[in-house]
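One structure is given here, and the rest of the page talks about it.
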Amino acid sequence: MSGSPRPIPAVFSILLIILGLVTGAGGIWLLTLGGSVYYLIAGAALIATGALIWRRNPLALWLYAAILLGSILWALWEVGFDWWQLAPRGDLLVILGLLFALPWVARGVQPLGENRQAMFRSGWGALGASLVVSAAVALIALVTPNTHELHGNLPERPAMTGGALSAADAGGEWRAYGGSAAGRRYSTLDQITPANVKDLEVAWTYNTGEPRRAGDPNETPYEVTPLKIGDTLYLCTPRSVVIALDAETGAEKWRFDPALRQPPTETTQHLTCRGVSYHDAQATRPDGEPVPAMTPDSTSPSLTPLVAAPDCVRRVFLPTSDGRLIAISAATGKVCPGFGGEDGTVDLWANMPNVTPGAYYSTSPPVVTDRLIVVGGAVNDNVSTTEPSGVIRAFDIDTGALVWNWDSRNPDETAPIASDAKYMESSPNSWSVSSYDADLGLIYIPMGNQPPDQYGGHRDANTEKYAAAIVALRADSGQVAWVFQTVHHDLWDMDVPAQPSLIDLRLDGAIVPALVAPTKQGEIFVLDRRTGEPVLPVTETPAPQGAVEGDRTAPTQPVSALSFNPPKLTEASMWGATMLDQLACRIAFKTMRYEGRYTPPSLQGTIVYPGNFGTFNWGGVAVDPERQAVFAMPVYIAFTSKMLPRGNPEDRLVSKPGDPAFNENFGAPYAVEMGPFLSPVGLPCQPPPWGYVAGADLTTGKIAYKHINGTVRDLSPIPLPLTMGVPGLGGPVVTKGGVAFLSGTLDYYVRGYDVTTGRKLWESRLPAGGQATPMTYWSDASKRQFLLVVAGGHGSSGTKAGDSVIAYALPQAAR
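Taking this note's numbering, I'd label the letters of the sequence shown as residues 91 to 905.
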């Protein structure tokens, strides 16, 4: 029965032996960690099969058939008929089985003696049968309803209309980043509907002419949501260039370049601009009365700067990445002198400690009230313990004079700081977008953490109170009205990332002014915006314990009744393209610390899930005041963090001299290695879906639907449009017409969805990544509702860079 193997079977034999050795060795490692015994058994069986093929023994066919059938049974036991979980467990084995079944391979084990032909034929038949069973299981898995989806409906219309719509909703214009100061991302426009959204077509395209440049930081994304006021759109580019476009045609009206005063440095973490702010000084006085037309004889002290430049009655305010706040004429694009100085600029580096180029910048549009402009700023996360301050400052809307300052490490002293004083270093900052309720006189600030993110042994009492929290400040004084903390003693970079959305909820026959706050960890907190008390229940839940030496963990963490926290990861849920990288992910899973959400950072390495990317990030959610519902894009990508003890506070442990010093945490006892939890081939170690669209009832906290969203067309080497659910950055917009729009997924599409069901209705291919939040507006020129999408890509997500602004509308015949 034995003899010299033929060339093709010999190669196949060696291949199986090598595969078996790798699988078996990994299986031994996994078993010593307390993991599954399957890989050790499979590896031994593959080695034995290869040896039998080398010896031309037909038992190899039977053994390989047994490997296939055993693997199928094991896979079904672990994950059931979940196609994307089954595939990596069997794809490589099935492919090899098909090769083995080919006549010129199988005949390599055909016996030389006639008396053993029956064994060969039956073994070949057994292998064929196992392949048929594999195909049948695959087919069943493909047609089995996806257990990761939730099907249901949001209300099609409100049961009541009282308190539903207000000036807080965007109509024909889009006057603030979230549509209005309330940040709902909801428009009362209804020309585009579920019935006609399929007819949307490109109306015009504009290119900003600002591509990526050599030396730019990786985080140089287009995250801007333009404004629309009158017949003009206002947007900014990553380099803080402001552009005004004709809303009907996309023609450029003017362009303002602030000529950034500092190039990107090794401490520049981001180079972006999420948007600009707008103010019309002629709209209202502080007392609510209309302001008369401006004349050269006007004597109001607060309006003096505007008298000098009548074109500056309507102004655009630009926060820049080099730490300035600039007032620009909305009509001409020229600087408005008198705001801060003759150059129309307020220096945001004033009174800052630890002035370091690139270490502080304002990436988000400020809040505008009738008399103030309120601005925060981003502070580098994990460079050092001696960063600039995260102070929030309010300036006179006309003169740029400092009116109040709120520093979270010195929260009671809100009077303007003395000219020779400094704010507190490394105080928790607000890098995202804030909201404003003019009736209550409150500004709602989403707060970040104190650097470094993963170590909190040095934090003081005020840091512990205000970090990773929503803080309501009184607009007139900057004093704290209330604070609600979303994570206690945050060690996971769980900043409150998104603008809180304000909505009046109808509860038990009463109208409750509420605030909707999406978070990175997947909670959506619904609070009474008057007091900060939960509207939907919040439960303090025990959390894993045991921080690194010198630190501590909070005993409990808050969990909302409306939560998108994913199921806990397990060894069986590890994923990969094949059994080999899945095995590598299993080994990594077992070697790291993981006890569920809020597992503390550790020396051995910790799995952080949801990860730093966030279930929700700066794109936030859209709330529909009529349906009393939220439309969202939850994302699920696990991260890892590993603490590296340092002897010298200034030693570099994770970077080379001259490279960006991110995650070094100079001054802290630990640096940190962190990043997505990926397999050796660069795929997530946790299985798909990684992204959804979802709708939930804000009055009950019930999630109505959750649908897998996005394809891997632009993420895989072969552009297959497989709907696996992909991550996204950017947020949705919802319309009264019943359609929601979203462009943030990491495949290059803008999509329209039925708000009632979450079902995808329309999509259009984008020329680059669309990691920004769309907006919608009305044009009187053509009597059309436009959808506006910015496609410029995002560095950290790896999407294609671009500079496109694209407007969609219904054709004349379709309206």
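Just so it is clear, CB atoms sit at the ideal spot from N, CA and C, and this is done for glycine as well. In this text, all values refer to a predicted model and were calculated from it rather than measured experimentally.
Does the segment 261-275 come close enough to the segment 450-459 that 3 or more CB-CB pairs lie under 8 Å? Segment contact: the segment 450-459 against the segment 261-275, three or more CB-CB distances shorter than 8 Å; contact assigned.
Secondary structure at D181, three-state DSSP: helix, strand or coil? Of the three classes helix, strand and coil, the one that applies to D181 here is helix, per DSSP.
Go to L851, then tell me how far its beta strand (DSSP E) extends in each direction, as first and last residue. Element bounds for L851: K850 to R855.
Tell me the rounded alpha-carbon separation between G490 and L652. Going from the Cα of G490 to the Cα of L652 covers about 41 Å.
Name the residue from L188, P779 and L130 whose alpha carbon lies nearest to the alpha carbon of T801. For the residues L188, P779 and L130, the minimum Cα distance to T801 belongs to P779.
Counting only runs that start and end within the segment 647-705, where is the alpha helix (DSSP H) found for 4 or more residues in a row? If we require 4 residues or more, the alpha helix (DSSP H) runs fully inside the segment 647-705 come out as 669-681.
Pick from D510, N444 and S524: whose alpha carbon is nearest that of R483? The residue with the shortest Cα to Cα distance from R483 is S524.
Regarding R345 and the ligand FAD, is the C-beta to nearest heavy atom distance less than 7 Å? Ligands are entirely absent from the displayed structure, and the ligand FAD is therefore not among its contents.
Unbroken stretches of the beta strand (DSSP E), 3 residues or longer, contained in the segment 288-361: Runs found: 291-297, 317-319, 322-326, 332-336 and 342-346.
The alpha helix (DSSP H) spanning I727 covers which residue range? Premise fails: I727 is in no alpha helix (DSSP H) and is neither H nor E.
Outcome for A349 when other beta-carbon atoms lying within 10 angstroms are tallied against a minimum of 16: Note on A349: under 16 other CB atoms within 10 angstroms of its CB, so exposed under the neighbour-count rule.
Starting from P536, trace the alpha helix (DSSP H) in both directions and tell me its first and last residue. Run containing P536: none in the alpha helix (DSSP H); it sits in the beta strand (DSSP E), L532 to P536.
In the DSSP assignment, find the unbroken beta strand (DSSP E) run with T435 in it and report its ends. Unbroken beta strand (DSSP E) run through T435: T435 to D437.
Please classify L163 as buried or exposed, where buried requires at least 16 neighbouring CB atoms within 10 angstroms. The residue is exposed, with fewer than 16 neighbouring Cβ atoms inside 10 Å.
What span of residues does the beta strand (DSSP E) with A258 cover, start to end? DSSP places A258 in no beta strand (DSSP E); its state is neither H nor E.
With distances taken from CA atoms, which of D497, F485, V464 and V473 is nearest S479? Its Cα nearest to that of S479, the residue D497 stands out among D497, F485, V464 and V473.
Cβ separation of N297 and S894, assumed to be a contact under 8 Å, to the nearest whole Å: Here N297 really is in contact with S894; their C-beta atoms are around 6 Å apart, less than 8 Å.
P506 and L492: beta carbons closer than 8 Å? Yes, Cβ-Cβ distance for P506 and L492 is below 8 Å.
Considering just the uninterrupted stretch of the alpha helix (DSSP H) at L877, what are its terminal residues? From DSSP, L877 is part of no alpha helix (DSSP H) but of the beta strand (DSSP E) over R874 to A881.
Rounding to the nearest angstrom, what Cα-Cα distance links D181 and A225 in this structure? Rounded to the nearest angstrom, the two C-alpha atoms are 11 Å apart.
Taking the beta carbon of P901 as the centre, do at least 16 other beta carbons fall within 10 Å, making it buried, or is it exposed? With a threshold of 16 other beta carbon atoms within 10 Å, P901 falls short and is exposed.
To the nearest angstrom, report how far apart V606 and P656 are at their CA atoms. Taking the straight line joining both Cα atoms gives about 20 Å.
Under the three-state DSSP convention, the category I282 falls into: The answer is coil: DSSP assigns I282 none of H, G, I, E or B.
Let me know the secondary structure DSSP gives A719 once reduced to three states. The three-state secondary structure of A719, taken from DSSP, is strand.
Going by other Cβ atoms of all chains shown within 10 Å of its Cβ, with 16 needed for buried, is P77 buried or exposed? It is not possible to answer for residue 77, since the shown part of the chain is limited to 91 through 905.
Taking 7 Å as the limit between beta carbons, can you name the residues of its chain near T385, skipping five residues before and five after? Here T385 scores only 37 on pLDDT, less than 50, and its place in the model should not be relied on; the value that follows carries that caveat. Counting only Cβ-Cβ distances below 7 Å, and skipping sequence neighbours, we find nothing.
Applying the 10 Å Cβ sphere with the 16-neighbour rule, what's the burial state of I601? Exposed is the call here.
When the Cα of Y450 is compared with those of M865, T234, A662 and Q352, which residue comes out closest? Per the Cα distances, Q352.
Three-state secondary structure (DSSP) at T389? Only weak support is given to the placement of T389: the predicted model assigns it a pLDDT of 37, under 50, and the value that follows is read from those uncertain coordinates. Assignment of T389 by DSSP, reduced to helix, strand and coil, places it in the coil class.
With distances taken from CA atoms, which of A196, P608, K610 and D583 is nearest P148? Per the Cα distances, A196.
contact_flag[the segment 299-315, the segment 358-376] where n(CB pairs < 8 Å) is 3 or more: Judged by pairs of C-beta atoms under 8 Å, the segment 299-315 touches the segment 358-376, as three or more such pairs exist.
Check E623 in the structure and name its three-state DSSP category. In the three-state reduction of the DSSP assignment, E623 falls in the coil class.
When we look at the beta-carbon of I677 and count the other beta-carbons within 10 Å, is it buried (16 or more) or exposed? Taking a 10 Å sphere around the C-beta of I677, we find 16 or more other C-beta atoms and assign the residue as buried.
If I measure Cβ to Cβ from S103 and keep anything under 7 Å in the same chain, skipping five residues before and after, which residues do I get? Here the set comprises P95, G140, I143 and W144.
So A337 packs on D321, CB below 8 Å; how close in whole Å? With a contact defined as Cβ atoms closer than 8 Å, A337 and D321 qualify at about 5 Å.
Between the C-alpha atoms of A417 and C775, what's the straight-line distance to the nearest angstrom? In this structure, the alpha-carbon of A417 lies about 47 Å from that of C775.
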